[in-house]
Amino acid sequence: MKEDVLNVENKRQKRFSKSLVIGLSIAVGVLGLSTIGLGVAYGCMASTSNDYAIQLENVYQKNLYDLVESVNNTETKLSKILASNSPTYQKKMLSEIAQNSELAENSIASLPISQNSLADSVKFINQMSGYTQTLADSISQGKSLTKKDLQTLSNLHDAVKEMKAQINKFVKKVQKNYSILNQSLNLDGDFNNFTIEISKIKAEGVDYPVMIYDGPFSDSTLDKTVKGLKGESLSKEECKREIEKCFKNSAEISYSGEINSRFETFTYHVTNSDSQKLFVQVSKVGGHIITVSGQGSLSGEKNISEDEAKKIAIDFAKQNGIENPEIVWSDLIKNQIYLNIAPTENGIVLYPDLVKVKVDMASATVVGYDATNYFINHIPRALKQTGRNANEFKNKLPSGYQIKHTRTVLAPLDYNREVICFEYECSKNGATYYFYLNAEDGKEENVLKVIQTDDGSKLM
Amino acid sequence: MKRLLFSLIAATLIIVMPMAVVLATSLPNRDGVVSQALTVNENKAVQQKLKELGYYKGSVDGVFGQGTRGAVIAFQKANGLTADGIVGEKTAKAMGISLNTQQIAQSGSDLYLLAKTVYAEARGEPYEGQVAVAAVILNRVESPDFPNTIAEVIYQPWAFTAVHDGQINLEPNETAYSAARDAMNGWDPTYGCLYYYNASTATSKWIFTRTTVVTIGKHVFAI
């Protein structure tokens, strides 16, 4: 009996160990398989991420070679201008340099470089593009390059020559297994190895020539001095009262701080009569409202018509001192209407002094206002009509355009010019165009087209 | 076995049914197509014409809603046209309106990019702070120190944290769109700033050397 029991016990133990072995083998098998599976997956992932790294490196390399090409071309073309006596050829080269510089800027911006270290070089390249384009334009207008222009171009050539030498030296290095990607990830504070090396490419030892011109990216175009602010210096309490006059029945006006920049303003948070939150900036001089930023309602609801909205905007502009305001452009996005309003002087619409108003058509209130352009540009100009009329120059418009509306305007043009023009709103094949002809001699100064976008229309 | 088969079928149905419902509701309906096909001005022209002819009583607001659709159907019925409520070439011709088929509406890709960046960088900020972030991007486009298009400025390596870490790919909300639109229309509460940073998280020492103009919400704006 005892033996039987022992036998059974033995058998049980044997069976148990057998199942244990099977179980363990299965577990080991499964684990082994999963390990292999994970290994394969990791391998795949590593090879995918390696693929990405290679592709990114290729994009960087392409941009670097594009940059070299643009710099080399710019250098050659600058030397050719200095060797040429033909205005036509000079103009062609200048336009090409402007394009080359733009390409160079494009390539630099796509390389993994922290911008802080390269701002000088980018500015130099951008201004070279703006300056050469300006010279090309002046040759088109019949002017020739002055001695001073040629001297600046010669200095420019020296700077670009140095840049070319540096960049070609760098590219030789890249050709020997250099990875821009790896170097760029090797961070040293704000900078990385790549940044440090490429920032040497700027023209060292040669001062960047000062390019004085009134074209794109010029210092003069960027210099937006406020010319139109008048009045006494007011306290923040007095400025708050100016807001109360414009936003009647507002629930709360709280002072938030001050800004001392291009404009010197006190800032306030205003909760208007419809409990919408607005951010209002009031100039310390004269207590003028400079900007109002607010979102308006998101309901999409409209409780007033477009005409009523326009009246609200015009009244707001008048209250803020805009003389003889006229609506020159409107764009309705859902229930928010953006209105561009220009003051007029002797029947001339002053485009440089445009103010912008955003009216919320649900609450029938002004939720946005921007008068920065007005206060930057508005000065007494003593404008007079030229004595000609829009009809006289009608035949200067290209054929096939149907005139819908004309008016006399002061147009802000390139190179900081303000010119009195006749504006012709025309249509052709369902598209709207604006032509600007000089009101003295009928010369075409500008053409704009209304572009329909998914998000309202814009002028280009 | 039968039970197993039954539960399998039931499980499949439970998974597939809601998908079918979602698919069906996401298909574009005809109304949507119509209001997208015509511009606001064309819708206005349609409404104006229908109003003159006495079919439409609502306001001429350029929004192609139920009222306009009903009026179009009534007009189509009265003129022997297919009464589908869609203003196609035939209906437009019968109304005496020329549809602008030559113009292609551009996608507002600049606005979309700007709105995405605003949402990624400043979604928790007050409205004016979001306008300010969009304005900084546009100020950079104008500045000689930076690249010259919105896309170049936004995708400039390491220029914006939220672009670098992929948050740029989040879908922007209505507020971000609105702020981007304001900035594109010229609003700039920072008066020309080119930089901003979060004073409590900024790691760059260099950024503190810039001249501070204004603090809006958590962001310090500088030139």
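So the sequence lines, in the order shown, correspond to chains A and B. Note that this note's numbering has the first sequence beginning at 1, numbered continuously upward. Note that this note's numbering has the second sequence beginning at 1001, numbered continuously upward. All C-beta atoms, glycine included, are put in the ideal place defined by N, C-alpha and C. From a predicted model like this one, the values you see are computed outputs, not experimental measurements.
- Task: Kindly list, in the order they appear in chain A, the residues whose Cβ is closer than 8 angstroms to that of Ala-1159 of chain B.
- Result: Along the second sequence, read from residue 1 onward, the residue named residue 1159 of chain B stands at position 159. Within chain A, the residues near Ala-1159 of chain B are Gln-115.
- Message: Let's test the definition: count the other Cβ atoms within 10 Å of the Cβ of Thr-134 of chain A and tell me whether it reaches 16, buried, or not, exposed.
- Response: Walking along the first sequence from the start, residue 134 of chain A turns up at place 134. Buried, since its Cβ has 16 or more Cβ neighbours within 10 Å.
- Using beta-carbon positions only, say whether Ile-253 of chain A and Ile-243 of chain A come within less than 9 angstroms of one another. On the first sequence, residue 253 of chain A is found 253 positions in, with the first residue counted as 1. On the first sequence, residue 243 of chain A is found 243 positions in, with the first residue counted as 1. Yes. Within cutoff.
- Item | Spatial neighbours of Asn-438 of chain A in its chain, beta-carbon cut-off 7 angstroms, leaving aside the 5 residues before and after | Counting from one through the first sequence, the residue named residue 438 of chain A turns up at place 438. Cβ within range, chain order: Val-419, Cys-421, Glu-445.
- Query: Can you find a CB in chain B that lies within less than 9 angstroms of the CB of Phe-170 of chain A?
  - Reply: On the first sequence, residue 170 of chain A is found 170 positions in, with the first residue counted as 1. For Phe-170 of chain A, no Cβ of chain B is located within less than 9 angstroms of the residue's own Cβ.
- Query: Which partner residues does Asp-360 of chain A have in the DSSP bridge list?
  - Reply: Stepping through the first sequence from its first residue, residue 360 of chain A is reached at position 360. DSSP lists A:Gln-336, A:Thr-365 as partners of Asp-360 of chain A.
- Of all Cβ atoms in chain A, is any one closer than 9 angstroms to the Cβ of Ile-1062 of chain B? Walking along the second sequence from the start, residue 1062 of chain B turns up at place 62. Sequence inspection shows Gly at residue 1062 of chain B; the Ile mentioned does not correspond to that position. Yes, Gly-1062 of chain B counts as interfacial toward chain A.
- Could you work out which residue in A:Lys-227, A:Ala-390, A:Lys-404 is closest to Arg-381 of chain A when comparing CA atoms only? In the first sequence, residue 381 of chain A corresponds to position 381, counting from 1. Minimum Cα distance to Arg-381 of chain A is reached at A:Lys-227.
- C-beta contact flag for Ala-1183 of chain B and Val-1220 of chain B at 9 angstroms: Working through the second sequence from its first residue, we reach residue 1183 of chain B at position 183. Working through the second sequence from its first residue, we reach residue 1220 of chain B at position 220. No, the Cβ-Cβ distance between Ala-1183 of chain B and Val-1220 of chain B is not below 9 angstroms.
- Message: 9 angstroms is my cut-off, CB to CB: does Val-270 of chain A come that close to chain B?
- Response: The sequence position of residue 270 of chain A within the first sequence is 270, counting from 1. Not an interface residue.
- DSSP bridge partner residues for Asp-370 of chain A (one or two, in chain order): Translated into positions along the first sequence, residue 370 of chain A becomes position 370. For Asp-370 of chain A, which the question treats as bridged, DSSP gives the partners A:Thr-291, A:Lys-356.
- Taking the alpha carbon of Val-450 of chain A as the point to measure from, which residue in A:Glu-440, A:Gly-442, A:Asp-414, A:Thr-432 has its own alpha carbon closest? Position 450 of the first sequence, counting from 1, holds the residue named residue 450 of chain A. Among A:Glu-440, A:Gly-442, A:Asp-414, A:Thr-432, the Cα nearest to that of Val-450 of chain A is on A:Thr-432.
- Check whether Thr-386 of chain A and Glu-440 of chain A have beta carbons under 9 angstroms apart: Indexing the first sequence from 1 puts residue 386 of chain A at position 386. Indexing the first sequence from 1 puts residue 440 of chain A at position 440. Their beta carbons are under 9 angstroms apart, which means Thr-386 of chain A touches Glu-440 of chain A by this criterion.
- Query: Is Glu-102 of chain A near Ser-121 of chain A, with beta carbons less than 9 angstroms apart?
  - Reply: As a position in the first sequence, residue 102 of chain A is number 102, starting the count at 1. As a position in the first sequence, residue 121 of chain A is number 121, starting the count at 1. No, Cβ-Cβ distance for Glu-102 of chain A and Ser-121 of chain A is not below 9 angstroms.
- If you drop the 5 nearest sequence neighbours on each side, which residues of the same chain put their C-beta closer than 6 angstroms to that of Phe-266 of chain A? In the first sequence, the residue the question calls residue 266 of chain A occupies position 266. Counting only Cβ-Cβ distances below 6 angstroms, and skipping sequence neighbours, we find Lys-236, Cys-239, Glu-258, Val-282.
- Gly-1080 of chain B: contacting residues in chain A (beta-carbon distance under 9 angstroms): On the second sequence, position 80 is the one that residue 1080 of chain B refers to. What Gly-1080 of chain B touches in chain A: nothing, since even the nearest Cβ is about 27 angstroms away.
- Of all Cβ atoms in chain A, is any one closer than 9 angstroms to the Cβ of Thr-1091 of chain B? Here residue 1091 of chain B refers to the residue found at position 91 when the second sequence is read from its first residue. No, Thr-1091 of chain B lies away from the interface with chain A (no Cβ there is under 9 angstroms from its Cβ).
- Please name the residue, chosen from A:Ala-371, A:Glu-301, A:Ile-22, that lies closest to Pro-352 of chain A on a Cα-to-Cα basis. Taking the first residue of the first sequence as 1, we reach residue 352 of chain A at position 352. Nearest C-alpha to Pro-352 of chain A: A:Ala-371.
- Message: What residue range does the alpha helix (DSSP H) around Cys-421 of chain A cover?
- Response: For the purposes of this step, residue 421 of chain A is identified with residue 421 of the first sequence, where counting begins at 1. First-last for Cys-421 of chain A: 417-428, but that is the beta strand (DSSP E), not the alpha helix (DSSP H).
- Query: Under the three-state reduction of DSSP, which class applies to Ile-1150 of chain B: helix, strand or coil?
  - Reply: Within the second sequence, the letter at position 150 stands for residue 1150 of chain B. Ile-1150 of chain B: helix per DSSP, three-state reduction.
- Message: To the nearest angstrom, how far is the alpha carbon of Ile-54 of chain A from that of Lys-1116 of chain B?
- Response: Start at 1 with the first residue of the first sequence, and residue 54 of chain A comes out as number 54. Start at 1 with the first residue of the second sequence, and residue 1116 of chain B comes out as number 116. If I take the Cα positions, the gap works out to 28 angstroms.
- Cutoff 8 angstroms; reference Ile-333 of chain A; Cβ partners in own chain excluding five residues on either side: Along the first sequence, one-based indexing puts residue 333 of chain A at 333. Closer than 8 angstroms at the Cβ level, and outside the excluded window around Ile-333 of chain A, lie Asp-455, Gly-456.
- Message: Between which residues of its own chain and His-269 of chain A is the CB-CB distance below 7 angstroms, once the five residues before and five after are set aside?
- Response: Residue numbering aside, residue 269 of chain A sits at position 269 when the first sequence is read from its first letter. Same-chain partners within the cutoff: Ser-254, Ser-256, Lys-277, Phe-279.
- Can you list, in chain order, the residues of the stretch 1181-1204 of chain B whose Cβ is nearer than 9 angstroms to any Cβ on chain A? Answer set for the stretch 1181-1204 of chain B: Arg-1181, Asp-1182, Met-1184, Asn-1185, Gly-1186, Trp-1187, Asp-1188, Pro-1189, Thr-1190, Tyr-1191, Gly-1192, Cys-1193, Thr-1203, Ser-1204.
- Query: Run through DSSP, which three-state label would Thr-265 of chain A get?
  - Reply: Here residue 265 of chain A refers to the residue found at position 265 when the first sequence is read from its first residue. Annotated three-state conformation of Thr-265 of chain A is strand, per DSSP.
- Query: For His-1219 of chain B, which beta-bridge partners are listed by DSSP?
  - Reply: The sequence position of residue 1219 of chain B within the second sequence is 219, counting from 1. Its beta-bridge partners are B:Asn-1198, B:Ile-1216.
- In angstroms with no decimal places, state the Cα-to-Cα distance between Ser-1026 of chain B and Lys-1077 of chain B. As a working note, residue 1026 of chain B is residue 26 in the second sequence. As a working note, residue 1077 of chain B is residue 77 in the second sequence. For Ser-1026 of chain B, the pLDDT reaches just 32, beneath the cut-off of 50, and the residue's location in the model is therefore unreliable, although a value from the coordinates is still provided. Roughly 30 angstroms separates the two Cα atoms.
- Task: Give every residue of the same chain whose Cβ lies closer than 8 angstroms to the Cβ of Glu-105 of chain A, excluding the five residues on either side of it in the sequence, and list them in chain order.
- Result: For the purposes of this step, residue 105 of chain A is identified with residue 105 of the first sequence, where counting begins at 1. Answer for Glu-105 of chain A: Val-122, Ile-125, Asn-126, Ser-129, listed in chain order.
- List the residues of chain B that Thr-372 of chain A touches, going by C-beta distances under 8 angstroms, in chain order. Translated into the one-based positions of the first sequence, residue 372 of chain A becomes position 372. By Cβ distance, chain B contributes Gly-1186, Asp-1188, Tyr-1191.
- Message: Taking beta-carbon pairs under 9 angstroms, can you tell me which members of the stretch 1142-1155 of chain B lie near chain A?
- Response: For chain A, the residues of the stretch 1142-1155 of chain B that bring a beta carbon within less than 9 angstroms of one of its beta carbons are Glu-1142, Ser-1143, Pro-1144, Asp-1145, Phe-1146, Pro-1147, Asn-1148, Thr-1149, Glu-1152, Val-1153, Tyr-1155, in chain order.
- How many Å lie between Gly-321 of chain A and Ile-314 of chain A at the Cα? Taking the first sequence and counting its residues from 1, the one referred to as residue 321 of chain A is at position 321. Taking the first sequence and counting its residues from 1, the one referred to as residue 314 of chain A is at position 314. Cα-Cα distance, rounded: 11 angstroms.
- Over what stretch of residues does the beta strand (DSSP E) that includes Val-522 of chain A continue unbroken? Outside the shown range of chain A (1 to 460) lies residue 522 of chain A, about which nothing can therefore be said.
- Task: Report yes if the CB atom of Ala-1135 of chain B is closer than 9 angstroms to the CB atom of Asp-1188 of chain B, and no otherwise.
- Result: In the second sequence, residue 1135 of chain B corresponds to position 135, counting from 1. In the second sequence, residue 1188 of chain B corresponds to position 188, counting from 1. Contact flag set, yes.
- Which residues mark the beginning and the end of the beta strand (DSSP E) in which Glu-461 of chain A is found? Outside the displayed span of chain A (1 to 460) sits residue 461 of chain A, for which this structure offers no information.
- Going by CA-CA distance only, name the one from B:Tyr-1195, B:Thr-1190, B:Gly-1166, B:Ala-1120 that's closest to Ser-261 of chain A. Numbered from its first residue, the first sequence carries residue 261 of chain A at position 261. Residue B:Thr-1190 is the option with its Cα nearest to Ser-261 of chain A.
- Val-122 of chain A CB to nearest chain B CB: under 9 angstroms? For the purposes of this step, residue 122 of chain A is taken as the residue at position 122 of the first sequence. Judged by the 9 angstroms Cβ criterion, Val-122 of chain A is in contact with chain B.
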